[in-house]
Amino acid sequence: MCGRFIDPNLRGTEVEWDEKKIDPIPRRWNVKPTQNVLIVAQAGRTAMIARWWLVPSWHKGDLKAWKPSTFNARIEDAATKPSFRAVWRYGRCLIPAGGYYEWTGAKGAKQPHVFLNAGNEETLWFAGLASRWSDYLTCAIMTRAANDDARDVHHRMPVILNAEEREVWLAGEDDADFGADARLRHHPVARFGLEDDGPELIEEP
Numbered sequence: 191m192c193g194r195f196i197d198p199n200l201r202g203t204e205v206e207w208d209e210k211k212i213d214p215i216p217r218r219w220n221v222k223p224t225q226n227v228l229i230v231a232q233a234g235r236t237a238m239i240a241r242w243w244l245v246p247s248w249h250k251g252d253l254k255a256w257k258p259s260t261f262n263a264r265i266e267d268a269a270t271k272p273s274f275r276a277v278w279r280y281g282r283c284l285i286p287a288g289g290y291y292e293w294t295g296a297k298g299a300k301q302p303h304v305f306l307n308a309g310n311e312e313t314l315w316f317a318g319l320a321s322r323w324s325d326y327l328t329c330a331i332m333t334r335a336a337n338d339d340a341r342d343v344h345h346r347m348p349v350i351l352n353a354e355e356r357e358v359w360l361a362g363e364d365d366a367d368f369g370a371d372a373r374l375r376h377h378p379v380a381r382f383g384l385e386d387d388g389p390e391l392i393e394e395p
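Each residue of the sequence shown is one higher than the one before, starting from 191 at the first, in our numbering.
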């Protein structure tokens, strides 16, 4: 799964973005579900802000009444799950990230690990789904079985797309191997709290 990640550093990169859309909030190193995140929508590759915790369009009631944990979606079965199947074809998006965290160990003494891109590009591009509910744009990060670079820490990982896969994902294609070749590096970091933030979170202790 993916329960915390790092904002991407897209400012001043070779990618052409509207600075107003990629810089709505200061960069964060401890992004949590229900917070606003940057996504790249399918239509026109437009940068948008979405709430990280997908709420399906058919949900009746207020926002707090939606209880299922839909900040992640399994790529193996999202197409058939009631919460995700309506946006599986037409709600594809990309969620850029600077890295993400996973934890090992027993409850109360869990050890965080940060995962970063092992290649030359700093940004990781997560496959995502976006859903418009009421006045909110909401999203989920796709997950898959961990590959060799991640499974020693956790059995699941985000679906991290290379340049070719990004286009295919956004076009609506199905491929159970999306993200299989993602190259990652990881190391343990100091334990941190819910409200802690800053670049020191990813430093080796």
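For glycine and all other residues, C-beta sits at the position ideal for the given N, C-alpha and C. Small disclaimer: the values here were computed from a predicted structure and weren't measured.
How would you write the range of the beta strand (DSSP E) that residue i sits in, first residue to last?
i           : result
residue 227 : 226-231
residue 277 : Per DSSP, residue 277 belongs to no beta strand (DSSP E); it is in the alpha helix (DSSP H), 275-278.
residue 241 : 237-242
In whole angstroms, what separates the C-alpha of residue i from that of residue j?
i           : j           : result
residue 384 : residue 277 : 30 angstroms
residue 280 : residue 246 : 13 angstroms
residue 193 : residue 377 : 17 angstroms
residue 133 : residue 196 : In this structure the chain extends from 191 to 395, so residue 133 is not present and cannot be described.
residue 217 : residue 389 : 9 angstroms
residue 371 : residue 223 : 26 angstroms
residue 310 : residue 251 : 45 angstroms
residue 375 : residue 324 : 39 angstroms
residue 331 : residue 318 : 5 angstroms
Drop a sphere of 10 angstroms on the beta-carbon of residue i, count the other beta-carbons inside from all chains shown, and report buried for 16 or more, exposed for fewer.
i           : result
residue 291 : buried
residue 283 : buried
residue 321 : buried
residue 248 : exposed
residue 241 : buried
residue 255 : exposed
Taking only beta-carbon atoms, is residue i less than 8 angstroms away from chain B?
i           : result
residue 374 : Given the protein chain composition of this structure (a single chain), no chain B is represented.
Give me whichever residues DSSP pairs with residue i in a beta bridge.
i           : result
residue 289 : 196
residue 221 : 195
residue 282 : 319
residue 307 : 374
residue 264 : 333
residue 302 : 293
**Message:** Please give the ranges of any alpha helix (DSSP H) in the region 330-383, keeping only runs that are unbroken, at least 4 residues long and fully inside the region.
**Reply:** 353-360
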